[in-house]
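Student:
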Amino acid sequence: MKDMLTPYVTDDGRQIGETLMDMRNITLRFGGVEAIKDISFNIQEGEIRAIIGPNGAGKSSMLNVISGFYNPQEGEVWFRGKKRPPMKPFQVARLGIARTFQNIALFEGMSVLDNVMTGRLNHMNAGLFSQALWKGRAEREETENREAVERVIDFLEIQAIRKTPVGRLPYGLKKRVELARALAAEPKLLLLDEPMAGMNVEEKEDMSRFILDVNDEFGTTIALIEHDMGVVMDLSDRVIVMDYGRKIGDGTPDEVRNNQEVIDAYLGVAHD
Amino acid sequence: MLYREAGDFKTSYQEDSQTFPIAFDRYRYWAVLAFAFLVVPFVINDYWANAILVPFLIYAIAAIGLNILTGYCGQVSLGTGGFMAVGAYACYKLMTSFPDVSIVIHIILSGGITAAVGAAFGLPSLRIKGFYLAVATLAAQFFLVWLFNKVSWFYNYSASGQINAPERTVFGVPVTGPNTEAWAQYLICLVFVTVCAIIARNLTRGSLGRTWMSIRDMDIAAEIIGVNPLKAKLTAFAVSSFFIGIAGALFFAVYLGAVEVGEAFGIQKSFLVLFMIIIGGLGSIFGSFAGAAFLVVLPVVLKLIGVDLLGWPTDLVAHFQLVIVGALIMFFLIKEPHGLAQLWRLAKEKLRLWPFPY
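Same order as they appear, the protein sequences are chains A and B.
The first sequence maps to residues -19 to 252 in the working numbering.
The second sequence maps to residues 6 to 363 in the working numbering.
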């Protein structure tokens, strides 16, 4: 087996780098309920990392810890070689972590273009007066960021719906717009919470292709939660398996597939 | 047939993000501006200025202000009257303390002072939302009116408790005080409206506007993409109050001339401006104008029809007005939450294809 913590090159020629994010002994409690129990894992630069597990295993809680929604009671979060103090979600976003949601969280009243442009907010800092007059920095930034956004729009093939209000779009496209918004932020780490939930086979194929392309072309590190095992096993470099808030497996898809504890958790086991 | 966008190609992102992307809209905008600046001042008389045009322009500024807060940032406010009072009293104190400084600067400074007060009252918005925030702003409304009644420093210890605008001139023409002519009143308000509307439009189409709208549509998602909710809400309160303060200053200094705070800036005013943006259209600058025009013109038209034409008693017509406004509010909230602006937008979309149905 490859040594996971050193840089290596995958079979299909992608460069996997140093540790980008390191979760150390994370414990998260809601009152008396332990949603996450003493879990440690890391995410290496450039890889696609999947988190799987039965319902209620604590996968989404884990993503929420990474994105700063919840601050764990115990444990440390290390990002890019530095320990991250407890933060608000918007501060985490500024570190370069973007995410999508399980149930789409788009801005329904705005057009697709404006939605994707919100992803660039952290790249825009023109002052109030410049914006009020639409001169100087504000106008320049608007154009520059529009160019960046148009590249993402081209990449995800949503040019035709640019000016459409998001509320009018079908489900599959909304998911894609949400991905576009996260991508527009040019994140170091992209978190996808069930990117393929509720999609048909064709939409899943599209989405898988986009995820692979994002990883390949931009070198974005991706952590994703997904229930479709076929997709997970095909896409990801390494998989974490969670059950009842514990980590029961961690490794390449093949290792995880053959892990007895994982099989028990998914198929159930006879108690004698 | 005139209203076409075919062949109107954009070759740069600046062109694509301009205020009026369609050429015909642009020409109409310039035509309206030219008419308002070059024709109306020569034909205006006292009746038109006092009954319709000046209140319309001033309410339009207030509606733009409230629309930024409620329509764009999604924070309901019932404190508009109170904030207008802040603008009015700030303007009065500045006018009487620094008589040599231009009234234009005073009005802008009043906006600035109101912005600071508005931001302070906006602080609870980080913790409370919706109805609860509305009640918190209601407290601002009552507190501010009480304050201006109670503390006589604000009305320079005058016996009546009223504030009266002394005469001030712009380029030698009086714009406040009893000697003001209708066209001067109209023109100064028009200049402020134009500038305010352009600023509001620029702010709302840029990154600040997107920050506000993201908070309005889904605050959790906004936070996850890096919007600081406190900063976004406070800037919305500040910018909104800035416009409302200017409206209050103009309302007092240019329109009324003499003000008693409870009467001019009571809770009625808060509701009136809120109704304007509901009927006009939430989240639309044009809607602010449409709503202001509608609610300023409605009583005048009703009086013309009811009292002058049909000979009904005045109080009956006044009650009818309440009924009609109430019914309209319900209609718009249920049937068309985006107000007159949305009806206008739909009409334009139909017009694009006219005479073909699709």
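Backbone N, C-alpha and C define an ideal beta-carbon position, used for all residues, glycine too.
Assign residue -17 (chain A) to one of two classes, buried (16 or more other C-beta atoms within 10 Å of its C-beta) or exposed (fewer than that).
Tutor: Here residue -17 (chain A) corresponds to residue number 3 of the first sequence, with the count starting at 1. Here residue -17 (chain A) scores only 49 on pLDDT, less than 50, and its place in the model should not be relied on; the value that follows carries that caveat. Residue -17 (chain A) is exposed by the Cβ-count criterion.
Student: According to DSSP, is residue 104 (chain A) part of a helix, a strand, or is it coil?
Tutor: Reading the first sequence from its first residue, position 124 is the one you call residue 104 (chain A). Coil, per DSSP.
Student: How about residue 97 (chain A) and residue 212 (chain B): do their beta carbons lie closer than 9 Å?
Tutor: Position 117 of the first sequence, counting from 1, holds the residue named residue 97 (chain A). Position 207 of the second sequence, counting from 1, holds the residue named residue 212 (chain B). Yes, they are a contact pair.
Student: Kindly list, in the order they appear in chain B, the residues whose Cβ is closer than 8 Å to that of residue 145 (chain A).
Tutor: Position 165 of the first sequence, counted from the start, is the residue given in the question as residue 145 (chain A). None at all; the shortest Cβ gap to chain B is about 11 Å.
Student: Can you grab the Cα-Cα spacing for the pair residue -19 (chain A) / residue 232 (chain A), in whole Å?
Tutor: Taking the first residue of the first sequence as 1, we reach residue -19 (chain A) at position 1. Taking the first residue of the first sequence as 1, we reach residue 232 (chain A) at position 252. At residue -19 (chain A) the pLDDT is 40, less than 50, meaning the model places this residue with poor confidence; the figure from the coordinates comes in the next sentence. Rounded to the nearest angstrom, the two C-alpha atoms are 9 Å apart.
Student: Out of B:120, B:209, B:18, point me to the one whose CA is closest to residue 290 (chain B)'s CA.
Tutor: Indexing the second sequence from 1 puts residue 290 (chain B) at position 285. Closest by alpha carbon: B:209.
Student: Go ahead and pull the three-state DSSP assignment for residue 181 (chain A).
Tutor: Within the first sequence, numbered from 1, the residue matching residue 181 (chain A) stands at position 201. Reduced to three states, the DSSP call for residue 181 (chain A) is helix.
Student: If you measure beta-carbon to beta-carbon, which residues of the region 215 to 234 of chain B are closer than 8 Å to chain A?
Tutor: Here the close residues are 215, 216, 218, 219, 221, 222, 223, 225, 226, 227, 228, 229, 230, 231, 232, 233, 234.
Student: Under the three-state reduction of DSSP, which class applies to residue 84 (chain A): helix, strand or coil?
Tutor: Working through the first sequence from its first residue, we reach residue 84 (chain A) at position 104. In the structure shown, residue 84 (chain A) sits in coil (DSSP, three-state: anything other than H, G, I, E or B).
Student: Is it the case that the region 33 to 51 of chain B contacts the region 219 to 230 of chain B, given that we only count it when at least three CB pairs across the two stretches are under 8 Å?
Tutor: No, the region 219 to 230 of chain B is not in contact with the region 33 to 51 of chain B.
Student: Tell me whether the beta-carbon of residue 38 (chain B) lies closer than 9 Å to the beta-carbon of residue 90 (chain B).
Tutor: Taking the second sequence and counting its residues from 1, one reaches residue 38 (chain B) at position 33. Taking the second sequence and counting its residues from 1, one reaches residue 90 (chain B) at position 85. The answer is no: Cβ separation not under 9 Å.
Student: DSSP three-state call for residue -18 (chain A): helix, strand or coil?
Tutor: Along the first sequence, read from residue 1 onward, the residue named residue -18 (chain A) stands at position 2. With a pLDDT of only 45 at residue -18 (chain A), under 50, the local geometry of the prediction cannot be trusted, and no value is derived from it.
Student: By Cβ distance, which residues of its chain are closer than 8 Å to residue 234 (chain B), with the 5 residues on each side in sequence left out?
Tutor: The sequence position of residue 234 (chain B) within the second sequence is 229, counting from 1. Only 131, 220, 224, 227, 228 meet the Cβ criterion.
Student: Exposed or buried, what is residue 319 (chain B) when buried is set at 16 or more other beta-carbons lying within 10 Å of its beta-carbon?
Tutor: Translated into the one-based positions of the second sequence, residue 319 (chain B) becomes position 314. By the 10 Å Cβ count, residue 319 (chain B) comes out exposed.
Student: If you drop the 5 nearest sequence neighbours on each side, which residues of the same chain put their C-beta closer than 6 Å to that of residue 115 (chain B)?
Tutor: On the second sequence, position 110 is the one that residue 115 (chain B) refers to. Around residue 115 (chain B): 92, 95, 96, 250, 254.
Student: Would a check of beta-carbon distances place residue 63 (chain A) closer than 9 Å to chain B?
Tutor: Numbered from 1 along the first sequence, position 83 holds the residue referred to as residue 63 (chain A). Chain B, which has no Cβ nearer than 9 Å to the Cβ of residue 63 (chain A), makes this no.
Student: Count the other CB atoms within 10 Å of the CB of residue 107 (chain A); is the residue buried (16 or more) or exposed (fewer)?
Tutor: Start at 1 with the first residue of the first sequence, and residue 107 (chain A) comes out as number 127. It is exposed - the Cβ of residue 107 (chain A) has fewer than 16 other Cβ atoms within 10 Å.
Student: Just how far apart, CA to CA, sit residue 92 (chain A) and residue 207 (chain B)?
Tutor: Sequence index remark: in the first sequence, residue 92 (chain A) carries index 112 (1-based). Sequence index remark: in the second sequence, residue 207 (chain B) carries index 202 (1-based). So the alpha carbons of these two residues sit roughly 19 Å apart.
Student: Roughly how many whole angstroms lie between the Cα atoms of residue 123 (chain A) and residue 115 (chain A)?
Tutor: Locating residue 123 (chain A) in the first sequence gives position 143, where the first residue counts as 1. Locating residue 115 (chain A) in the first sequence gives position 135, where the first residue counts as 1. Cα to Cα, the separation comes out at about 12 Å.
Student: What residue does the beta strand (DSSP E) around residue 428 (chain B) start on, and which one ends it?
Tutor: Outside the modelled stretch of chain B, which goes from 6 to 363, sits residue 428 (chain B), for which no answer is possible.
Student: Is residue 201 (chain A) helix, strand or coil by DSSP?
Tutor: Within the first sequence, residue 201 (chain A) is the residue found at index 221, counting from 1. Strand, per DSSP.
Student: At the level of alpha carbons, what is the spacing between residue -10 (chain A) and residue 217 (chain A)?
Tutor: The sequence position of residue -10 (chain A) within the first sequence is 10, counting from 1. The sequence position of residue 217 (chain A) within the first sequence is 237, counting from 1. Cα to Cα, residue -10 (chain A) sits roughly 8 Å from residue 217 (chain A).
Student: At 9 Å on the CB atoms, spell out the chain B contacts of residue 201 (chain A), in chain order.
Tutor: By 1-based counting over the first sequence, the position of residue 201 (chain A) is 221. None at all; the shortest Cβ gap to chain B is about 17 Å.
Student: According to DSSP, which residues form a beta bridge with residue 100 (chain B)?
Tutor: On the second sequence, position 95 is the one that residue 100 (chain B) refers to. For residue 100 (chain B), which the question treats as bridged, DSSP gives no partner whatsoever.
Student: With burial defined as no fewer than 16 other Cβ atoms inside 10 Å of the residue's Cβ, what is the status of residue 354 (chain B): buried or exposed?
Tutor: Counting from 1 along the second sequence, the entry for residue 354 (chain B) is found at position 349. Residue 354 (chain B) comes out exposed.
Student: Sort out for me which residues DSSP pairs residue 221 (chain A) with in a bridge.
Tutor: What you label residue 221 (chain A) is simply residue 241 of the first sequence in a count that begins at 1. DSSP output for residue 221 (chain A) lists A:32, A:229 as bridge partner(s).
Student: Does DSSP put residue 64 (chain A) in a helix, in a strand, or in coil?
Tutor: The count along the first sequence starts at 1 and reaches residue 64 (chain A) at position 84. Residue state, collapsed to three classes: strand.
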